[in-house]
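Residue numbering for the sequence shown is 64 to 255, as defined by the numbering used here. Glycine residues also receive a C-beta, built at the ideal position from the N, C-alpha and C atoms. Report on one structure; see the data block that follows.
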Amino acid sequence: MSAAFIMFFGPPGCGKGTQAKKVVEELDLAQISTGELFRKHLGEGTALGQEAQKYMSRGELVPDEITIGMVRERLQEPDAQGGAIFDGFPRTGAQAEALDDLLAEQGHKLCMVIDFTLPIEISRARLLGRQEGRADDNPEVIEKRLRDHAEIEASVMPHYRGQAGLVKEVDANRSIDEIYQDVLVLIKSCLA
């Protein structure tokens, strides 16, 4: 089995985090989530975490070089050697280019971008109806998250859509299991 590096992309509420968790439970892939990386580095008080905290405490975006540094370190960990699902990364065109470079340094490349498609009104309804009680599931924050996603899509996806056959769309307006069956088939094609 070869290493497979796959990016999950889609609007808030499309279920990409749920799908990533299911994939890593079944296949020997790491899940690389920038949210989890930030929490880990902040919790451990690493140099990168302390740098990130300076920006986050002011409500500013963490600069690309800090985020990329965290991803670089994460890719060195043993569980990422067989491949990984990127969830929430990259978020900028510069991060997309940096990811290509990071993978190339290890003799790899992104195998696939799975774009979970979901109409914005369904995304909004799912977020408003969540039972998790997340602090960021109120209407104002949800609208900001949807706007942010549109900006991220405009920044990142042209980089990947320009590479023939790299982006595969999956209809996320179905059950978790139906989506997972499609995702599994796509990912297994990378592992062949």
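{"query": "Member of 141, 80 and 225 whose CA lies at the smallest distance from the CA of residue 242", "result": "80"}
{"query": "Sequence-distant residues of its chain with Cβ nearer than 8 Å to residue 129 (five each side left out)", "result": "111, 114, 115 and 118"}
{"query": "Member of 237, 93 and 193 whose CA lies at the smallest distance from the CA of residue 138", "result": "93"}
{"query": "Contained beta strand (DSSP E) runs [length at least 3] in the stretch 146-202, N- to C-terminal order", "result": "146-150 and 173-180"}
{"query": "Proximal residues to residue 133 (C-beta, below 7 Å), its chain only, five neighbours per side dropped", "result": "100, 104 and 111"}
{"query": "Three-state secondary structure (DSSP) of residue 94", "result": "strand"}
{"query": "Cross-strand partners of residue 234 (DSSP beta bridge)", "result": "180"}
{"query": "Integer Cβ distance of residue 173 from residue 229, believed to fall under 8 Å", "result": "7 Å"}
{"query": "Reduced DSSP category for residue 255 - H, G, I as helix; E, B as strand; rest coil", "result": "coil"}
{"query": "Under the three-state DSSP convention, the category residue 83 falls into", "result": "helix"}
{"query": "Neighbourhood of residue 158 by C-beta, 7 Å cutoff - its chain only, sequence neighbours within 5 removed", "result": "127, 130, 131 and 152"}
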